[in-house]
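I have placed the structure first, in the form of structure tokens, so that the comments after it can refer back to it.
In the numbering used here, the protein residues as written are 27 to 341.
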């Protein structure tokens, strides 16, 4: 018999309003301890200086993390003009200065160039790996870090306000977008230098500030049933995936990791809303007759083939 894992089999999402000064790993650890959960992870790192939405997955919800990470994100942040920093934020060392300050009109005129698909070079202080090493580890060791540009999506960019040395922005962007790089690049295009001084994630997919809870609120409920009032269902990360109910022997087979045939009744349910040929390769969220999560499966060659099975049993 295998050794029992430390903690309890807690499953679901905690949408944390991360405080400033805490790493994402520290935040995950704090939430895991509050719930005494066996397993935890998160959907998208926030830097220590950043605040806002950090989606923390507990238990079997960790199997849905990739889908949460793929969701659009919204950030509100302050760019400070006149200085570049090696980390592209306020925590780094000054690497250059400029007396130029862009006007509102100049910023507004440039925003269309900084929306859509951008080729963005990540900050040197980032978690991207270079020859097996994290870029931020190399940068901290004083090594030159050369990162290649990557395509990212910025769907919307708005200027919220301007002071002499600062401008406040809001952007909605896709996976892999670095706000620090966006500020660095728009500053250069405006003929000045810049870095991020305040950063807040206000939305991740369907989760926003109204759905988030602070550690200050959660901590008094350490190992208490009251904490579970802030635990959101595993399925909340899968809102964009077609759901399908399975029953009887099909449920048993899927839970065992085996494929089932796409019977006529299942095919009829799935075909609605999809064109010919669109079902092949489609990911489907399978539930049992009571609505409990069963698995994520792929439609292939007339079968539903599970590739992530949810196991809620105590281990």
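C-beta: ideal position from N, C-alpha, C; glycine also.
Just so it is clear, the structure is predicted and the values come from calculations on it, not from any experiment.
- In the displayed model, residue 285 falls within coil according to three-state DSSP, outside both helix and strand.
- Using a C-beta cut-off of 8 Å, the stretch 191-199 makes contact with the stretch 94-105, since at least three inter-stretch Cβ pairs fall below that distance.
- Annotated three-state conformation of residue 183 is strand, per DSSP.
- Judged by beta-carbon spacing, residue 46 lies beyond the 8 Å limit of residue 81, meaning their Cβ atoms are not closer than that value.
- Between residue 219 and residue 109, the beta carbon gap of about 6 Å places them in contact (Cβ cut-off 8 Å).
- Here residue 229 carries a strand assignment [DSSP, helix/strand/coil].
- As the crow flies, the alpha-carbon of residue 318 is around 11 Å from that of residue 270.
- Taking C-alpha positions only, residue 338 is separated from residue 35 by approximately 7 Å.
- Every unbroken stretch of the beta strand (DSSP E) spanning 3 or more residues and falling wholly within the stretch 138-196 is given here in chain order: 142-146, 176-188.
- Across the set 242, 196, 210, the C-alpha of 196 shows the shortest separation from the C-alpha of residue 225.
- Restricting attention to 254, 148, 246, 234, the CA atom closest to the CA of residue 172 is found in 148.
- Close CB contacts of residue 233 within its chain, under the 7 Å cut and outside five residues either way in sequence, are with 41, 79, 81 (chain order).
- DSSP, reduced to helix, strand and coil, places residue 234 within a strand of the structure shown.
- For residue 61, the uninterrupted alpha helix (DSSP H) segment begins and ends at 50-61.
- An exposed status is given to residue 167, since fewer than 16 other beta-carbon atoms sit within 10 Å of its beta-carbon.
- Residue pairing by DSSP places residue 67 opposite 83 in a beta bridge.
- The count of Cβ pairs closer than 8 Å, one atom from the stretch 206-216 and one from the stretch 139-158, reaches three, so the stretches are in contact.
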